[in-house]
Amino acid sequence: MRTSTSDFYGPKTASGWGTPTNLKGATGATGATGAAGAAGSKILSGTAVPTASAGSNGDFYFRTTTADFYGPKIVSGWGTPIKCSSSNDI
Numbered sequence: 091m092r093t094s095t096s097d098f099y100g101p102k103t104a105s106g107w108g109t110p111t112n113l114k115g116a117t118g119a120t121g122a123t124g125a126a127g128a129a130g131s132k133i134l135s136g137t138a139v140p141t142a143s144a145g146s147n148g149d150f151y152f153r154t155t156t157a158d159f160y161g162p163k164i165v166s167g168w169g170t171p172i173k174c175s176s177s178n179d180i
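Numbering-wise, the working numbering puts 105 at position 15 of the sequence shown, and it's gapless, one number per residue.
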């Protein structure tokens, strides 16, 4: 097989390999484009308590100075953080 062209040769006979068969079919039609998916959540970080305007619903926030982990953010805000005592907690 010639991988650069997808040509398949064989079986070999006394006169040689013969004419190859191409294993790659014709290019198909372009499929329909679906709707864009929803944005995923993010993990934000900073040294202060997250403000109400920071992030979007579903996001998380890590306060680096105190190892507090907030989230997920909901319409009413960030909620009460959990205290991470080591890097294994997050």
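Backbone N, C-alpha and C fix where the C-beta goes; we use that ideal spot for every residue, glycine too.
Computed from a predicted model, the values in this text were never measured in an experiment.
The residues P140, Y151, Y160, G161, in chain order, have a CB closer than 7 Å to that of W168 in the same chain once the five nearest residues on each side in sequence are set aside. For L134, the enclosing beta strand (DSSP E) starts and ends at 133-136. The C-beta distance from S131 to G148 rounds to 4 Å, short enough to meet the 8 Å contact threshold.
Minimum Cα-Cα distance from S135 among the listed residues A119, S105, N112, P171 corresponds to P171.
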